[in-house]
Amino acid sequence: MKYKLTEMTSNHKLTSGEKLKLVSATTSSWITCSKHCPMHSKCYAKRGHQALHAKKVTEGSRGYDLDKLLKEISELRPNSLLRLNVSGDLPSVTYKNDERKISTDALTKLLIATQDARAKAFTYTHLHSDPKHKEYNLAVVKEWSTENFVINVSAENSRTAAKLYFNGHDVALTNTKLFNFAVDQEINQGRKATLTTKEGTVELFPCPHSYKESNCNQCRECSKHNRENIVVFKET
Ligand code: SF4
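Note that the sequence shown covers residues 527 to 762 in the numbering used here.
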């Protein structure tokens, strides 16, 4: 079970390919993902350079254990932007079966390491896809996600996304139709798109990396805690 920190990542989405001293990313073995994740076979990170890197980390020819990852994170330059798990998901208590129940012990250690580094960390999780531990995992995410350690909950349909948002989560929705709608509203109508469900109305924030020259380091929307919007991605 391995992890790898890439300091000064050249990940295109994070930095548009530039190696910046203050932008880093981690990769976790694919085994950290839930097999129930709806994006399991079509995850964006299963293509291109990141896919090769994640394969090596998963097979064990690259990377190291959690303790070394924690040490490396804690030694990052102060004020680094840290994208956790470009591939992979949050740490679970066991990988002996297909259940994925978040390890609060490992998550706390990750939080402390990012605080030691004074880094701004953000990530996304699909571990609420686990049928048995769904509610537990959502409760852990809500409790552990905090300023400078933001855990976005990923969703693929608007009703689920809105429900998660009104339950107090920071949410990332992958939905090409809504993404296109939000971009059209912003570019052609000059206003923010909204999503209305029985729970209420929430603004949509289309990821600017996908429609204009921007990257996470410039944008940073997904690293904001308690956002008043849902970030929307298009399927890639
Ligand atoms: S919305 Fe911003 S921070 Fe989030 S993935 Fe897109 S570019 Fe990165």
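From the three backbone atoms N, C-alpha and C, an ideal C-beta is built for every residue, glycine too.
Check: Candidates Glu601, Leu592 and His659: closest to leucine 633 by CA position; Outcome: Leu592
Check: 9 Å Cβ cutoff met for glutamate 729 and threonine 723; Outcome: no
Check: Local conformation of tyrosine 570 per DSSP, three classes; Outcome: helix
Check: Alpha carbon of leucine 608 to alpha carbon of asparagine 741, nearest angstrom; Outcome: 13 Å
Check: For valine 697 and arginine 685, the rounded distance between their alpha carbons; Outcome: 12 Å
Check: Contact test: arginine 644 Cβ vs the ligand SF4 heavy atom, cutoff 8 Å; Outcome: no
Check: Assigned secondary structure, asparagine 755 (DSSP; H/G/I helix, E/B strand, else coil); Outcome: strand
Check: Nearest to valine 549 (by Cα), restricted to the options Ile557, His538 and Ser555; Outcome: His538
Check: Limits of the beta strand (DSSP E) - the one that valine 811 falls within; Outcome: One cannot answer for residue 811 here, as it falls past the ends of the chain, which runs 527 to 762.
Check: C-alpha gap between valine 666 and isoleucine 756, whole angstroms; Outcome: 20 Å
Check: At least three beta-carbon pairs within less than 8 Å, the segment 580-599 to the segment 631-646; Outcome: yes
Check: Member of Gly716, Val676 and Val619 whose CA lies at the smallest distance from the CA of arginine 746; Outcome: Val676
Check: Alanine 571 versus Lys530, Lys658, Trp556 and Ser560, residue with shortest Cα-Cα distance; Outcome: Trp556
Check: Identity of the residue in Ala688, Ala647 and Ala681 nearest tryptophan 670 by Cα; Outcome: Ala647
Check: Local Cβ density within 10 Å of tyrosine 529, reported as buried at 16 or more and exposed below that; Outcome: buried
Check: 9 Å Cβ cutoff met for serine 749 and leucine 653; Outcome: no
Check: Asparagine 678 and histidine 659 closer than 9 Å at C-beta; Outcome: no
Check: Any non-hydrogen atom of the ligand SF4 within 8 Å of valine 679 CB; Outcome: no
Check: Contact check, leucine 616 vs serine 629, beta carbons under 9 Å; Outcome: yes
Check: Buried or exposed by the 16-neighbour rule on C-beta atoms within 10 Å, applied to glutamine 744; Outcome: exposed
Check: beta-carbon glutamate 544 near the ligand SF4 non-hydrogen atom, thresh 8 Å; Outcome: no
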